[in-house]
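S.K.: Quick one: the structure is below, and I'll ask about it shortly.
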Amino acid sequence: MTLSRKIGFRLKRLYLIGLALIVSLPATAQLPDSDQRALEQLTVDFKNAIKDKDSTAFNALFFSPSVDFTGIMSEKTEWSIKEGYPEFEGIAVSDHRSFIRDICKADGPQEERFYHVKIDADGAVGTVRFDYSFHSGSKMIQWGHEIWNVAKDQETWLITDVVYSIHFPHVEPFLDGE
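Here is the structure:
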């Protein structure tokens with residue numbers, strides 16, 4: 005085999021490998037502006053409903069009558085509680101109705117702040133993820149990372165479940181969200 009045939013064969017092989025890699029990559033479509041804006045508005049409505057202690061507005065953001073909220077504590081935060089309660093599991097499982105009910109009963113202002121929001125969707129389902137800090141009055145209660153799965157029902161994006169990490173700021177310093 006001549007040198008030029010060897011080079012040609014290698015280039016052809018490299019081309020086919022590159023083509024196979026490109027074809028095997030998942031297709032990612034640009035999220036339409038209307039969906040991007042709607043999902044951004046969902047985050048605003050979520051925060052406002054907490055701040056306003058508006059359970060009706062809050063409950064309207066969810067896909068079904070009972071949407072799970074699952075909080076997983078960091079190891080350090082979990083151990084800070086286990087010192088007094090050895091049986092503690094480090095998992096907080098609730099639903100959106102219990103969450104907003106507790107917000108509405110709380111004395112003083114309540115606020116969840118979002119940082120580094122990332123939205124990904126394909127037109128029917130998606131995720132909204134961000135870093136958060138939760139404040140009661142002027143005091144930060146917890147911080148972490150939060151992920152919502154979302155689904156589009158007709159023209160409305162709704163939250164199907166919420167999973168979040170929990171870090172107590174007196175145990176683990178808040179990683180500046182800004």
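In our numbering, the protein residues as written are 5 to 182.
Heads up, the beta-carbon is just placed ideally off N, CA and C, and yes, glycines get one too.
Tell me which residues share the same chain as S28 and place their Cβ nearer than 7 Å to its Cβ, disregarding the 5 neighbours each side in the sequence.
M.R.: Its pLDDT being 40, under 50, S28 is placed unreliably by the model, and the measurement read from it follows with that caveat. Hits under 7 Å: none found.
S.K.: Per DSSP, which one or two residues make a beta bridge with A155?
M.R.: Note: A155 sits in a beta bridge opposite V129, L162.
S.K.: Given a cut-off of 9 Å, decide if D99 and S70 are closer than it, judged by their beta-carbon atoms.
M.R.: Contact: yes.
S.K.: Here's the rule: buried if 16 or more other CB atoms are within 10 angstroms of the residue's CB, otherwise exposed. What is I163?
M.R.: With 16 or more Cβ atoms within 10 Å of its Cβ, I163 is classed as buried.
S.K.: Counting Cβ pairs, one atom from each stretch, are 3 or more of them under 8 Å apart for the segment 128-135 and the segment 112-120?
M.R.: Flag = yes, the segment 128-135 and the segment 112-120 touch.
S.K.: Mapping the DSSP letters down to three states, classify H174 as helix, strand or coil.
M.R.: Here H174 sits in coil by DSSP.
S.K.: Using the beta-carbon count (16 or more within 10 Å), is A125 buried or exposed?
M.R.: Buried, by the Cβ-count rule.
S.K.: Restricting to Cα atoms, I'd like to know which of Y168, I145, Q45 is closest to P177.
M.R.: Checking every option, the nearest Cα to that of P177 belongs to I145.
S.K.: Rounded to whole angstroms, what is the Cα-Cα separation between I26 and P113?
M.R.: Its pLDDT being 42, under 50, I26 is placed unreliably by the model, and the measurement read from it follows with that caveat. So the alpha carbons of these two residues sit roughly 51 Å apart.
S.K.: Taking its Cβ as the centre, do 16 or more other Cβ atoms sit within 10 Å of Y89, making it buried, or is it exposed?
M.R.: Counting Cβ neighbours within 10 Å, Y89 comes out exposed, since fewer than 16 surround it.
S.K.: Got a sec, what are the start and stop residues for the beta strand (DSSP E) A61 sits in?
M.R.: It is not in any beta strand (DSSP E) - A61 instead sits in the alpha helix (DSSP H) that spans 59-63.
S.K.: For D56 and F92, what's the separation of their Cα atoms in angstroms?
M.R.: Roughly 32 Å between the two C-alpha positions.
S.K.: Report the rounded CA-to-CA distance for W147 versus Q34, giving the unit in angstroms.
M.R.: Near 31 Å, if we compare the C-alpha coordinates of Q34 and W147.
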